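Before any comments, here is the structure.
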Ligand SMILES: Cc1cc2nc3c(=O)[nH]c(=O)nc-3n(C[C@H](O)[C@H](O)[C@H](O)COP(=O)(O)OP(=O)(O)OC[C@H]3O[C@@H](n4cnc5c(N)ncnc54)[C@H](O)[C@@H]3O)c2cc1C
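Residue numbers (our numbering): 138 to 614.
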C-alpha cells in the first residue's frame, strides 16, 4: 500500500520519519528584504544561523520584485539599512534624496556578500512548509526541496516570509488585509530600454497638469539626472476608454529613469482581489499582471512620448504582493500611534517616509490614480516618522518566534508605512539581533530584556530617535 489513501475529497497521508538536517541557534525563514538583514545581524552577533529561501537569491521583493526605490528619505536611514545603501552609493548603484533610487541586482549581491562574510549559511531553493511546535513554542521548521522533506531545529526562529507562513503554520492568529479582508493590489514591474529621455522630459515639462502634484512622487530634475513621473492622466484615460488598457489602469507610473542608459522602470500594473497566500490565486494574478504588462507596452510604444522605440528589458521574477497576513502580536501598531508619534519603551527603530496623511496610496478598492483618488492626484504628501516597538515582532499566542517583514503586527492602515523597504530591513536587523541574544542567554523572545536588545542595536549604529534612559547615545549620531 502507498503512503496516501484517497478518502472522498481528501487524501490521507501516512505519518513518516523525516531526517533532522541540522541544529542552529537561529533560523531565518525567508531571505527577502527583512530576512537578509536578520540573518546578517544574527551572524554578526556570533549566532550559528541558517537562512532558508525558496528563491535563488537574497532581497525578496526589494530585488526579485524589481524595486528601484527605497521609500523614506536617506537622512532617516541608520544601521544595516544605511550600511547597504552606503555600499551601493559607493558603487554608483544608488542615488540619495527624499527617496533613494537603487539597483536591485547590486543589492542582491551586497546581501549575499555580507551573509557569507558573517558565516551565516543560506539554503536556497527550499520552501518552509511547516513549523515544529512544542508546548506553544516553535522548535524548528520543516523544509521541502530537491532533497525531499527535512526537519531543521533552532533555538529561535524568525519568520521573514512576508506572509507570516511560519506564524500561520504554528497556529498564530492573523488578519488578512483590511478589517474586511480586502488586500492591496499585486503588480509585475518591468523595465523598458531605449527610452527617449528628451522627449519624455519635454512632455513632462510642458504638461504639468497631467501629473501628480506631490513632488516626492513626481519630479523632473535634469540637473540631478533624476526623473520620476506619475500621471499621463489624459493619455491613459483615452487608452482605457478605447479598450487598449485594462479597466483598472488609471495612470502611468514611471518609477525611475536612468539618464545614462535610457532604461525606465514601470510600476503601473494593478491586479485586485488576489490573495498572495493562495498559490492558485497567485498564478491567476501573475497571468493577469503579465497581460496588463503586454497591453501597456504596446500602448506606450504607440501613444506615450519617449517610448516609441522602447523595448522590454526584463520584468520582475516574482509577483509583487503588497499585503497578505498581519500576524496578531503582543502589540498591534495602529495609525493613531503613527499620527500621534507615540513613544514606546521597547522602541527598536525609527521609520520615516512621505505619505498623504491618513490616505491609502494603493487602495484595495481600486481606482488608484483615478480622477477622485486625491492621494495619487492632488494632495501633498508629508514627512511622517514613528517609532517601531519590539512588541509588534512577537506573535501573541506563539513563543520562540520573531516576526520580521511586512506581516509584523500592524493594522492595514499602519502597514501603509511599515511595509516599505527601510522599515522591513530595520525590523529584520532587530529580529536577527534579538534572536541571537535569545540563543546566547537561553531565553525566549518574549522574556528577552529589551534594554539589552536596544543596547546592541545602538552599538550597531541603529538610530532609536531619542536618548534611551541609561543607555549610551547612538554611536552613529
Ligand atoms: C509592487 C510593489 C511595489 C513596491 N514599491 C515599493 C517602493 O517603491 N519602495 C519601498 O520602500 N517599498 C515598496 N514596496 C514594499 C516593499 O518592497 C515590501 O513590502 C518589502 O520589500 C517586503 O519585505 P519582506 O521582507 O516582508 O518580504 P520579501 O522581501 O518579499 O521577503 C520574503 C522572502 O521570503 C521568501 N519566502 C516566502 N515564503 C517562503 C517560504 N514558505 N519558505 C521559504 N521562503 C519563503 C520569499 O521568496 C522572499 O524572498 C513595494 C511592494 C510591492 C509588492
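Quick reminder that beta carbons are idealized off the backbone N, C-alpha and C, glycines included. All values derive from a computational prediction rather than experimental measurement.
Taking a contact to mean a Cβ-Cβ separation below 8 angstroms, would you say residue 209 touches residue 559 in this structure? Yes, these two residues count as a Cβ contact at 8 angstroms.
Nearest-angstrom Cβ-Cβ length linking residue 323 and residue 422, presumed shorter than 8 angstroms: Right, the Cβ-Cβ distance comes to about 5 angstroms (below 8 angstroms), so this counts as a contact.
Of the listed residues 142, 406, 442, 156, nearest to residue 428 (C-alpha basis): Across the set 142, 406, 442, 156, the C-alpha of 406 shows the shortest separation from the C-alpha of residue 428.
Cutoff 8 angstroms; reference residue 339; Cβ partners in own chain excluding five residues on either side: The residues 442, in chain order, have a CB closer than 8 angstroms to that of residue 339 in the same chain once the five nearest residues on each side in sequence are set aside.
With 16 other Cβ atoms within 10 Å as the buried cut-off, status of residue 614: In this prediction, residue 614 scores a pLDDT of 37, lower than 50, which makes its location untrustworthy; no coordinate-derived value is stated.
Residue range of the alpha helix (DSSP H) that includes residue 241: Note, residue 241: alpha helix (DSSP H), 241–254.
Check: residue 534 C-beta below 7 angstroms from any heavy atom of ligand 1: For ligand 1, not one heavy atom lies less than 7 angstroms from the Cβ of residue 534.
For residue 536, which three-state DSSP category applies? Three-state result, residue 536: strand.
Taking a contact to mean a Cβ-Cβ separation below 8 angstroms, would you say residue 495 touches residue 506 in this structure? In this structure, residue 506 does not lie closer than 8 angstroms to residue 495 by Cβ.
Neighbourhood of residue 612 by C-beta, 7 angstroms cutoff - its chain only, sequence neighbours within 5 removed: Low confidence applies to residue 612: its pLDDT is 45, below 50, so where it sits in the model is not reliable enough to give any reading.
Going along the chain, which residues of its own chain have a beta-carbon closer than 6 angstroms to the beta-carbon of residue 394, five neighbours each way excluded? If we look at residue 394 and ignore the five residues flanking it on each side, its Cβ neighbours are 364, 401.
In whole angstroms, what separates the C-alpha of residue 201 from that of residue 244? Computed Cα separation, rounded: 10 angstroms.
At which residues does the beta strand (DSSP E) containing residue 393 begin and terminate? Unbroken beta strand (DSSP E) run through residue 393: 389–395.
Starting from the C-beta of residue 175, find all residues in its chain whose C-beta is less than 6 angstroms away, skip the five residues before and the five after it, and write them out in chain order. 165, 295, 297, 541, 565, 568, 569.
Closest by CA to residue 304, which one among 283, 289, 486, 270? Looking from the CA of residue 304, the closest CA among 283, 289, 486, 270 belongs to 270.
Proximal residues to residue 516 (C-beta, below 6 angstroms), its chain only, five neighbours per side dropped: Once the five neighbours on either side are set aside, the close Cβ partners of residue 516 are 493.
To which residues of the same chain is residue 185 closer than 6 angstroms at the C-beta, ignoring the five residues directly before and after it? 161, 162, listed in sequence order.
With DSSP as the reference, label residue 311 as helix, strand or coil. Residue 311: strand per DSSP, three-state reduction.
Put residue 488 into one of helix, strand or coil per three-state DSSP. The answer is strand: DSSP assigns residue 488 an E or B state.
Report the three-state DSSP secondary structure of residue 614 (helix, strand or coil). Unreliable positioning characterises residue 614 in this predicted model, as indicated by a pLDDT of 37, which lies under 50. A coordinate reading is not provided.
Give the DSSP bridge partners of residue 264, in chain order. In DSSP, residue 264 forms a bridge with 281.
Give the DSSP-derived three-state secondary structure of residue 601 in the structure shown. In this structure, residue 601 counts as coil in the three-state DSSP scheme.
Between residue 354 and the rest of its own chain, which residues show a CB-CB distance below 6 angstroms, the 5 nearest in sequence each way excluded? Closer than 6 angstroms at Cβ, skipping near neighbours: 367.
Check for me: the beta strand (DSSP E) holding residue 120 runs from which residue to which? Any answer about residue 120 is impossible in this case: the structure gives the chain only from 138 up to 614.
Any beta strand (DSSP E) of 3 or more consecutive residues that is wholly inside the segment 436–505: Secondary structure in the segment 436–505: the beta strand (DSSP E) runs of 3 residues or longer, each lying completely within the stretch, are 448–452, 462–464, 484–492 in chain order.
Do residue 358 and residue 203 have their C-beta atoms closer together than 8 angstroms? Cβ atoms of residue 358 and residue 203: not closer than 8 angstroms.
Which two residues bound the contiguous beta strand (DSSP E) that contains residue 401? Its beta strand (DSSP E) spans residues 400–403.
Which residue wins for smallest C-alpha separation from residue 159, given the options 308, 207, 259, 239? Its Cα nearest to that of residue 159, the residue 259 stands out among 308, 207, 259, 239.
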